[in-house]
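Residue 1 is where the sequence shown starts when you use the UniProt record's numbering, and the numbers rise one by one after that. Structure record follows, encoded as structure tokens.
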Amino acid sequence: MAGSIEQRKSEHIQITLNEKVTGDAITTGFESYAFIHNALPEIDFAEISTETEFLGHACRTPFLISSMTGGTAVAEMINRNLAEAAEERGWALALGSTRALLDSDGHPPSFLMRKYAPSVPIIANIGAVQFNYGYGTDECRRIVELTEADMLVLHLNSIQEVIQDGGDTNFKNLLMKIETLCAGLGVPVGVKEVGWGIDGDTARRLTEAGIAFVDVAGAGGTSWSQVEKFRSKDPVRRAAAETFSDWGIPTADSIRMVRGEIGGRPLVASGGMRTGLDGAKALALGADFVGFGRSILKEATQSAEDVLESMAVREMELRMAMFGVGASSLRELKDTRRFVRKER
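Quick look at the structure:
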């Protein structure tokens with residue numbers, strides 16, 4: 001089993017880097033929105049602040065590294081580059097699925113990043129469906145302890161599991177198990193999709209169960225049915241995956257759906273985030289944090305310095321968007337009236 005997990009994780013990295021894993025007829029939806037330029041912003045660019053907080057943790061930016069990988073030797077190198085860069089730039093760091101961490105052959109060092117990122121929030125990660133396959137609060141607590149994580153996020157990946165050879169597809173009665181975890185774990189528990197988005201009703205039910213934050217992980221970026229299509233040996237699954245390449249709720253729409261349903265809980269926007277301008281639009285739509293994944297994965301395979309440069313570009317783009325509308329803080333960006341839906 002462990003060997004199959006490590007092989008799967010390695011294949012995921014290679015496929016995501018080298019194959020077309022996005023849909024053809026679906027986008028994030030951010031192209032439908034625009035900022036109205038302010039030619040006289042009346043602020044000093046040097047004084048623009050992107051500081052914020054995430055569930056009590058002070059953060060220098062509203063950006064985080066989305067859950068991507070772990071469980072292999074190459075993943076250890078990738079995660080170390082990401083962790084070192086996150087520490088230097090002040091980004092939150094979400095780990096890839098940590099189920100392999102509990103397996104002695106699942107390359108545990110690939111998840112142990114606290115020594116490289118001692119001051120930023122670290123978010124451990126496990127699939128919610130595993131609660132129907134023998135995992136529970138004790139296992140999640142062990143994961144949090146081993147990773148020294150500040151919080152745990154449960155990923156929801158139903159469509160991926162259907163296409164994945166040997167996938168775990170029993171998603172029955174998970175909400176009550178999520179509620180039990182939230183009540184007993186001792187650190188905040190969030191939930192995220194993996195590229196198909198979350199609707200408002202689902203987000204509301206999850207927060208009523210005790211979920212502390214929601215990561216919409218909407219459509220328009222990586223489609224994990226496409227990723228699994230390249231791995232599958234089953235021609236039926238491969239054909240079905242192609243049909244569902246454009247499935248999901250675009251990230252921009254998912255943000256709007258969720259924002260009004262979760263009160264003041266943090267909302268993370270991920271799913272096809274490529275630039276700091278995308279991030280600025282997500283924040284103006286109602287997000288509190290913005291997650292970048294595949295768009296920085298290539299840099300993470302090279303060096304921490306390459307990741308740092310990529311991060312610096314996205315931060316500059318965010319600050320430029322704020323300057324362009326005259327917003328000196330994230331609060332002012334979120335409240336700006338210079339953000340409109342384009343006329344069709």
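All C-beta atoms, glycine included, are put in the ideal place defined by N, C-alpha and C.
- In this structure THR207 touches ILE262 by the C-beta definition: roughly 5 angstroms separates them, less than 8 angstroms.
- Look at THR72 here: in three-state DSSP terms it is coil, with no helix or strand label.
- Apart from the 5 residues on each side of it in sequence, SER329 sits with its Cβ closer than 6 angstroms to the Cβ of SER49 in its chain, given in chain order.
- By the neighbour-count definition (other C-beta atoms within 10 Å, threshold 16), PRO188 is a buried residue.
- By the Cβ-count criterion, TYR135 is buried, with 16 or more other Cβ atoms from all chains shown falling within 10 Å of its own Cβ.
- Along the length of the segment 204–254, whole alpha helix (DSSP H) runs at least 4 residues long occupy 224–231 and 235–243, reported in chain order.
- ASN38 and ASP306 have their C-alpha atoms spaced approximately 33 angstroms apart.
- Bounds of the alpha helix (DSSP H) holding ARG141 are 137–147.
- Burial state of LEU40 is exposed, judged by a 10 Å Cβ sphere holding fewer than 16 other Cβ atoms.
- If you draw a straight line from the Cα of PHE213 to the Cα of GLY291, it comes to about 13 angstroms.
- Straight-line spacing of the CA atoms in PHE244 and ILE36 works out to 35 angstroms.
- Taken atom to atom, the span from the alpha-carbon of GLU242 to that of SER225 is near 8 angstroms.
- By the neighbour-count criterion, in which a residue is buried when 16 or more other Cβ atoms sit within 10 angstroms of its Cβ, MET257 is buried.
- If you look at GLU193, you'll find it in the beta strand (DSSP E) that goes 189–193.
- Per DSSP, the continuous beta strand (DSSP E) segment holding ALA94 begins and ends at 92–94.
- For ALA312, the closest C-alpha among the options THR336, PRO109 and GLY276 is that of GLY276.
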